[in-house]
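Colleague:
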Amino acid sequence: MRIGLAGVGRIGAFHAATLSALPAVDTVVATDADPVLTEKVATELGLETAPDAATLLDSGIDGVVIATATPGHAPLLRAALEAGVPVFCEKPVAATLAETIELAHLAESTDVPVHVGFQRRFDPGHRRAREAVAAGELGTVHAVRSQTHDQAPPHAAYIPTSGGIFRDCAVHDVDGIRFVTGREVVTVYATGENVGAPFFREAGDVDTAVAVLTLDDGTLATVTATRYSGTGYDVRMEVMGEHAVLGVGFDDSLALVSAEPGADFPRGTPHLVFMDRFRTAYTAELAAFCEVAAGHLASPCTVRDALEAFRVAEACELSRAERRPVDMAEIATVEG
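Here the sequence shown is numbered in the numbering used here, starting from 437 and rising by one per residue.
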């Protein structure tokens, strides 16, 4: 297969290396707004290049991976759908709820497959948790805890364009909760504080946040997100059922130190960045996209899925700003 890649920054270059190693991929054709960066990554990884996205989409590729900065996602997704090229798009598909709704309409009006990059759907732990819930191994699930804790904050210049901690960071937890439980969120109550660097407050954001989500079967889910988790990058989930409790992310890379005397776990080295924590998931995700592009697999994460996670993140931001519970019926969706 010939797979196009739009964007060769940090995550784009990572995807380029992953795609190049996949048995299904013969050629990766890359482009970026920065031609110097394009040539650098192409030389390092042995990629073909295209001068721009329009040329890329017209170069006989079997699918395209969109890994640009967020403002490039929506226009590139539209262009790919118009060109009839199967698309993998990193989250978010757009920076605003209104544009995400528009793209959900557009994607559902065409037969061109779109796979949105929520990589936890391919993480072995999250997949095992989903299987356990679906099989009834835990009995009735009454609570879920999910967290995304960055080891250190992103660069200050990133925060004003990030969409806020719920849309940028905790949206992965929201999608993970939907994926594992198979349920939808009906109400949200969220709060956040800034106790770290002032650039979060200056951008109208927070560096630490918590949300309580009520699912449509009455299950309660809590989401925590922070930009300051000094021990390491820490993504975990606990699914609590009447028969058993199942944990995700409690391996030897667990990014915490026990306060209990004599405890000797974890025995490994914590991850510091998301690409290391989810390396296996990213590989499986892009391998699945090749199957999607070939017509052998339905999209594992549609634009509608991305929209539902975005809507919950939007509700969390509204709840935080107005200091009140928010019913999901207040948040616009495809049906109006």
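Even for Gly, the Cβ is constructed at its ideal location relative to N, Cα and C.
Have a look at P522 and A729 and give me their C-alpha separation to the nearest angstrom.
Modeller: Residue mapping note: residue 522 aligns to position 86 of the sequence shown, counting from 1. Residue mapping note: residue 729 aligns to position 293 of the sequence shown, counting from 1. If you take the alpha carbons of P522 and A729, they lie about 5 Å apart.
Colleague: Assuming contact is defined by CB atoms lying nearer than 9 Å, are L441 and V500 in contact in what I supplied?
Modeller: Sequence index remark: in the sequence shown, residue 441 carries index 5 (1-based). Sequence index remark: in the sequence shown, residue 500 carries index 64 (1-based). A contact, by the Cβ cut-off of 9 Å.
Colleague: Is the separation between the beta-carbon of G632 and that of P596 shorter than 9 Å?
Modeller: Translated into positions along the sequence shown, residue 632 becomes position 196. Translated into positions along the sequence shown, residue 596 becomes position 160. Not a contact, by the Cβ cut-off of 9 Å.
Colleague: Of all Cβ atoms in chain B, is any one closer than 9 Å to the Cβ of G698?
Modeller: The displayed structure is made up of one protein chain only, and chain B is not part of it.
Colleague: Give every residue of the same chain whose Cβ lies closer than 8 Å to the Cβ of T667, excluding the five residues on either side of it in the sequence, and list them in chain order.
Modeller: Start at 1 with the first residue of the sequence shown, and residue 667 comes out as number 231. Correct list, in chain order: Q587, A691, L692, V693, P706.
Colleague: Can you tell me whether R715 sits near the ligand MG, meaning its C-beta is under 8 Å from at least one heavy atom of the ligand?
Modeller: Looking at this structure, you won't find the ligand MG or any other ligand, since it has none at all.
Colleague: At the level of alpha carbons, what is the spacing between F775 and H551?
Modeller: Since the first residue shown for the chain is 437 and the last is 772, residue 775 is missing from the structure and cannot be characterised.
Colleague: Could you tell me whether the Cβ atoms of T660 and V642 are closer together than 9 Å?
Modeller: The count along the sequence shown starts at 1 and reaches residue 660 at position 224. The count along the sequence shown starts at 1 and reaches residue 642 at position 206. Contact: no.
Colleague: Round the Cβ separation of G612 and S582 to the nearest angstrom and send it over; I've been treating them as touching at under 8 Å.
Modeller: Start at 1 with the first residue of the sequence shown, and residue 612 comes out as number 176. Start at 1 with the first residue of the sequence shown, and residue 582 comes out as number 146. Contact flag correct, Cβ pair sits at about 6 Å.
Colleague: Counting Cβ pairs closer than 8 Å, one from the stretch 571-580 and one from the stretch 708-720, do we hit at least three?
Modeller: no
Colleague: Output the boundary residues of the beta strand (DSSP E) element that contains F524.
Modeller: The count along the sequence shown starts at 1 and reaches residue 524 at position 88. Its beta strand (DSSP E) spans residues 523-526.
Colleague: Short check: CB of V502 to CB of V465, under 9 Å?
Modeller: Counting from one through the sequence shown, the residue named residue 502 turns up at place 66. Counting from one through the sequence shown, the residue named residue 465 turns up at place 29. Sequence inspection shows Ile at residue 502; the Val mentioned does not correspond to that position. No, they are not a contact pair.
Colleague: Residue range of the beta strand (DSSP E) that M711 falls in?
Modeller: Reading the sequence shown from its first residue, position 275 is the one you call residue 711. No beta strand (DSSP E) contains M711, which is instead part of the alpha helix (DSSP H) from 710-713.
Colleague: Which residue's Cα is closest to the Cα of A720: E766, L455, I537?
Modeller: Residue numbering aside, residue 720 sits at position 284 when the sequence shown is read from its first letter. For A720, the nearest C-alpha among the options comes from L455.
Colleague: Which two residues bound the contiguous alpha helix (DSSP H) that contains A442?
Modeller: Locating residue 442 in the sequence shown gives position 6, where the first residue counts as 1. Segment 438-442 is the beta strand (DSSP E) holding A442; no alpha helix (DSSP H) there.
Colleague: Look at the Cβ atom of F468, then the Cβ atom of T504, and state whether they are nearer than 9 Å.
Modeller: Here residue 468 refers to the residue found at position 32 when the sequence shown is read from its first residue. Here residue 504 refers to the residue found at position 68 when the sequence shown is read from its first residue. Just to set this straight, residue 468 is Asp in the shown sequence, not Phe. Yes, the pair counts as a contact, with Cβ atoms nearer than the cut-off.
Colleague: Helix, strand or coil for I502 per DSSP?
Modeller: Counted from its first residue, the sequence shown places residue 502 at position 66. I502 falls in the strand class under three-state DSSP.
Colleague: Compute the distance between the beta-carbons of V675 and T650, then report whether it is under 9 Å.
Modeller: As a first step, residue 675 is located in the sequence shown; it is residue number 239 there, counting from the start. As a first step, residue 650 is located in the sequence shown; it is residue number 214 there, counting from the start. No, the Cβ-Cβ distance between V675 and T650 is not below 9 Å.
Colleague: Residues in its own chain within less than 6 Å of G704 by CB, not counting five upstream and five downstream?
Modeller: For the purposes of this step, residue 704 is taken as the residue at position 268 of the sequence shown. Once the five neighbours on either side are set aside, the close Cβ partners of G704 are D688, S689.
Colleague: Give me, in chain order, the residues of the same chain whose beta-carbon lies closer than 7 Å to that of L512; leave out the 5 immediate sequence neighbours on both sides.
Modeller: For the purposes of this step, residue 512 is identified with residue 76 of the sequence shown, where counting begins at 1. Cβ within range, chain order: A442, A489, I502, T504.
Colleague: Helix, strand or coil for T738, going by three-state DSSP, please let me know.
Modeller: Mapped onto the sequence shown, residue 738 falls at position 302. In this structure, T738 counts as coil in the three-state DSSP scheme.
Colleague: Taking the alpha helix (DSSP H) that V607 belongs to, which residues open and close that run?
Modeller: The residue labelled residue 607 in the question sits at position 171 within the sequence shown. From DSSP, the alpha helix (DSSP H) with V607 extends over 607-617.
Colleague: Using only the alpha-carbon positions, how far apart do T474 and A680 sit?
Modeller: As a first step, residue 474 is located in the sequence shown; it is residue number 38 there, counting from the start. As a first step, residue 680 is located in the sequence shown; it is residue number 244 there, counting from the start. It is roughly 50 Å from the alpha-carbon of T474 to the alpha-carbon of A680.
Colleague: Can you tell me whether P487 is buried or exposed, with buried defined as 16 or more other CB within 10 angstroms of its CB?
Modeller: Locating residue 487 in the sequence shown gives position 51, where the first residue counts as 1. Answer is exposed; the Cβ neighbour count stays below 16.
Colleague: Return the CA-CA distance between A510 and A516, expressed in angstroms with no decimal places.
Modeller: The residue given as residue 510 occupies position 74 in the sequence shown. The residue given as residue 516 occupies position 80 in the sequence shown. Spanning the two alpha carbons is a distance of roughly 10 Å.
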